[in-house]
DNA sequence: CCTTTTCCGTAACGGTCGTTACCGTAGCAA
DNA sequence: TTGCTACGGTAACGACCGTTACGGAAAAGG
């Protein structure tokens, strides 16, 4: 048997390169040659690892989702109660000290691409609904007496606020500094009672 | 003197075509040939009306700003008091009945492009700060006793919520229907007292 | 050590992009 | 009506895109 390769490592390497190129030069700069240069190889390897550019794009999108989901899992697991988990999950989504500043940029790029690509749109919807379900679960744990309608409205409002802050901060970080984002989130979370009856996280 | 043309009408025609193409096919589909076809002419006229593609893009961005500013002006002028004006201005920014659905799509497209283009980034910041100033003025009129810090935080939170709703609805209108957006906005506006001391709009 | 088979760098292809040069032509002055 | 000039349609250019074909290199089995 001739030489073999680590397929998964290659795909991750290329997805990371895709992610970096997207953060630096935006969607128009995302070319196979730019990705290959960033990954330290040629387009030959890229086209052997992924059959087409779209497949690479979709895999990079999945990678972004996995990262954010893993961070959210970690934030949730490190919190003792539902209220704290809610604050931690939403807080890590907003810009941290010198956090994943360009993760927001990449997210915006994929979002804009999703508006014209059905496959990317599907990934976006799945990811966002997954995040919504997570927040919904935590809000429901904090506020077991709320009606479903109020739970849904509050959940989607919190998520919209967080994503809005992310998007606006990505384009104008001066106007939306990190401390203001955190303060805005804290104010929005004040509608959630500090010690809900079911304060233990149910998972 | 030989034949002359209506420069402004041409620029508006082409900017509208740019806007439509951007809404339909997104940024990657925005080509001079697509714009020319949509406008019913050839690339020759486009390149005579605008020296370069970027100039066309910037003009289309300005057009988007003028439209949103005019709509906000109208919403504000039609409201008797500051509280109503605030609700109207933010409400028209969120998706109306069968409103400017693709205006959000265009906005997202320009936002993503602004992340990699300094000129577009400048336009975005100017437009967003103008919107922030408008909302800030209305919130301040409703809540004259608030501290500057609270005014700023509330203003930016409201704007972030509205933009977040817009962005998420553009990519997943099923999850973010118009009535939910309006309900979310209404809930967020509940922090503003119904009849503030200075209820008259000061302009 | 040599063969064999997979891997991946190289280079080219067709297509489309933004941009440019050129020229037929439509409208106004005389 | 005639001539002149700015307008704008046509077509080509160079660059770069995604994709493909092919050949040299490298590792595992004999």
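Protein chains in written order, with my numbering: chain A, 14 to 216; chain B, 14 to 216. The C-beta atom is built at its ideal place from N, Cα and C for all residues, glycine as well.
Taking DSSP as the reference, what is the three-state secondary structure of residue 108/B?
Here residue 108/B sits in coil by DSSP.
Sorted by chain position, which residues of the same chain lie with C-beta nearer than 6 Å to residue 84/B's C-beta, five sequence neighbours on each side aside?
Closer than 6 Å at Cβ, skipping near neighbours: 105.
How about residue 27/B and residue 62/B: do their beta carbons lie closer than 7 Å?
Yes.
Pull up the distance between the alpha-carbon of residue 30/A and that of residue 177/A, whole angstroms please.
Rounded to whole angstroms, residue 30/A to residue 177/A spans 26 Å at the Cα level.
Determine which residues of the stretch 156 to 173 of chain B have a Cβ less than 8 Å from any Cβ of chain A, and write them out in chain order.
If the cut-off is 8 Å between Cβ atoms, the stretch 156 to 173 of chain B has 165, 166, 167, 169, 170, 172, 173 near chain A.
Let me make sure I understand the geometry here. Which of 162/A, 170/A, 41/A, 58/A has the alpha-carbon closest to that of residue 130/B?
Ranking the options by Cα distance to residue 130/B, first place goes to 41/A.
Between the stretch 192 to 207 of chain B and chain A, which residues of the former have a C-beta closer than 7 Å to a C-beta of the latter?
Residues 193, 196, 197, 200, 201.
Starting from residue 18/A, trace the alpha helix (DSSP H) both ways and give me its first and last residue.
Premise fails: residue 18/A is in no alpha helix (DSSP H) and is neither H nor E.
Mind listing the chain B neighbours of residue 141/A? Cutoff is C-beta to C-beta under 8 Å, in chain order.
Within chain B, the residues near residue 141/A are 181, 184, 185, 188.
Evaluate the contact criterion for the stretch 166 to 186 of chain A versus the stretch 166 to 177 of chain B: three or more CB pairs, one atom per stretch, below 8 Å.
With a cut-off of 8 Å, the stretch 166 to 177 of chain B and the stretch 166 to 186 of chain A count as touching, because enough Cβ pairs lie within range.
Among 89/A, 201/A, 117/A, 70/A, whose alpha-carbon lies nearest the alpha-carbon of residue 45/A?
Ranking 89/A, 201/A, 117/A, 70/A by Cα distance to residue 45/A puts 70/A first.
From this set, 140/A, 89/A, 187/A, which residue's C-alpha is nearest residue 152/A's C-alpha?
When each option's Cα is compared against that of residue 152/A, the closest is 89/A.
Within the same chain, show all residues whose beta-carbon is closer than 7 Å to that of residue 114/B, passing over the 5 residues directly before and after it, in chain order.
The answer, listed in chain order, is 108.
Measuring straight from C-alpha to C-alpha, what distance separates residue 188/B and residue 183/A?
Approximately 24 Å between the Cα atoms of the pair.
Taking the alpha-carbon positions, what's the residue 78/B to residue 20/A distance?
Looking at the two C-alpha atoms, the distance is approximately 47 Å.
So with CB distances below 8 Å, who are the chain B contacts of residue 113/A?
Per Cβ cutoff of 8 Å: no residues; residue 113/A is ~15 Å from chain B at best.
What does residue 74/B touch in chain A if you count any residue whose Cβ is under 7 Å from its own?
In chain order: nothing, as chain A lies at least about 13 Å away.
Applying a beta-carbon distance threshold of less than 8 Å, which residues of chain A neighbour residue 128/B?
Simply 39, 118, 121, 122, 183, 184.
Over what stretch of residues does the alpha helix (DSSP H) that includes residue 132/B continue unbroken?
Residue 132/B -> alpha helix (DSSP H) spans 131 to 155.
With contact counted as at least three CB pairs below 8 Å, one residue from each stretch, are the stretch 186 to 201 of chain B and the stretch 158 to 170 of chain A in contact?
Touching, per the Cβ criterion.
Would residue 136/A count as contacting chain B if we go by Cβ distances under 7 Å?
Answer no: the Cβ-Cβ gap between residue 136/A and chain B never drops below 7 Å.
Should the stretch 94 to 102 of chain B be regarded as contacting the stretch 134 to 152 of chain B, the criterion being three or more beta carbon pairs within less than 8 Å?
The answer is yes - the stretch 134 to 152 of chain B touches the stretch 94 to 102 of chain B, with three or more Cβ pairs under 8 Å.
Could you compute how far the alpha carbon of residue 156/A sits from the alpha carbon of residue 192/B?
One C-alpha to the other measures close to 23 Å.
Ordered along the chain, which non-local residues of its own chain (more than five positions away) have a Cβ less than 6 Å from that of residue 134/B?
Around residue 134/B: 127.
Considering only C-alpha positions, which residue in the set 185/B, 24/B, 162/B, 118/B is nearest to residue 66/B?
Out of 185/B, 24/B, 162/B, 118/B, 24/B has the C-alpha closest to the C-alpha of residue 66/B.
On the criterion of 16 or more Cβ atoms from any shown chain inside 10 Å, does residue 117/A qualify as buried, or is it exposed?
Classification of residue 117/A: buried, given that the 10 Å Cβ count is 16 or more.
Can you tell which of 205/A, 36/A, 57/A has its C-alpha closest to the C-alpha of residue 164/A?
The residue with the shortest Cα to Cα distance from residue 164/A is 205/A.
Can you tell me where the alpha helix (DSSP H) with residue 169/B in it begins and where it stops?
Note, residue 169/B: alpha helix (DSSP H), 161 to 184.
Cα separation between residue 207/A and residue 96/A?
Distance between the alpha carbons of residue 207/A and residue 96/A: 7 Å.
Quick one: list the residues of chain B neighbouring residue 176/A, beta-carbon separation under 7 Å, in chain order.
Going along chain B in sequence order, the residues near residue 176/A (Cβ under 7 Å) are 177, 180, 181.
Under a Cβ-count criterion, where at least 16 other Cβ atoms within 10 Å of its own Cβ denotes burial, should residue 18/B be classed as buried or exposed?
Looking at its Cβ environment, which holds fewer than 16 other Cβ atoms inside 10 Å, residue 18/B is exposed.
Helix or strand or just coil, what does DSSP make of residue 61/B?
Reduced to three states, the DSSP call for residue 61/B is helix.
Output the distance between the C-alpha atoms of residue 4/B and residue 94/A, rounded to the nearest integer angstrom.
Examination of residue 4/B is not possible in this model, given that chain B is present from 14 through 216 alone.
When the distance is taken between beta carbons, is residue 125/B closer than 7 Å to residue 121/A?
Against a cut-off of 7 Å, the Cβ pair of residue 125/B and residue 121/A comes out as a contact.
If contacts are defined as beta-carbon pairs under 8 Å, then residue 58/B and residue 49/B qualify, I think. What distance do you get, rounded to the angstrom?
About 7 Å separates the two Cβ atoms, so the contact holds.
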